[in-house]
Amino acid sequence: MLFFSFFKTLVNTVVIIELKNDIRIRGTLKSVDQYLNVKLEDIEVLDLVQYPHLSSVKNIFVRGSVVRYIVLPSEKVDRELLEDATRREAANQSAKAR
């Protein structure tokens, strides 16, 4: 749930998503769910020469299981806060396992 909560804070931010089939899409993040499925608006396919059939698409839903990377603007990411939250969640998970 950590990454779900993190991505919820990035709604209305421009991100780049790279899919497992090598398509890279830039767009405004409009929503994300607990499976990390995302909706993007005002998209732009970065490799349009390779994927011309996507030129008319403006909004897209991307299933979380096909996402390879999500590139975020560095000014939107508080690394220290994210690292601290990750440590806390890992500690909670190990405490539950005992």
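Under the numbering used here, think of the first position of the sequence shown as 6, with each following residue one higher.
Glycine included, every Cβ here is placed at the ideal spot set by N, Cα and C.
Bear in mind that the values here come from a model prediction, so they are computed numbers and not experimental data.
An exposed status is given to Val76, since fewer than 16 other beta-carbon atoms sit within 10 Å of its beta-carbon. The beta carbon of Glu23 lies closer than 6 angstroms to those of Arg29, Arg73, Tyr74 in the same chain, with the five residues before and after it left out. Taking all protein chains in view, the Cβ of Val54 is surrounded by fewer than 16 other Cβ atoms within 10 Å, so the residue is classified as exposed. Secondary structure of Asn26 (DSSP, three-state): coil. Residues Gly69 of the same chain have their beta carbon placed closer than 6 angstroms to that of Leu41, with the five preceding and five following residues left out of the count. Straight-line measurement puts the Cα of Gly32 at about 12 angstroms from the Cα of Val67. 8 angstroms or more divides the Cβ of Asn17 from the Cβ of Leu45.
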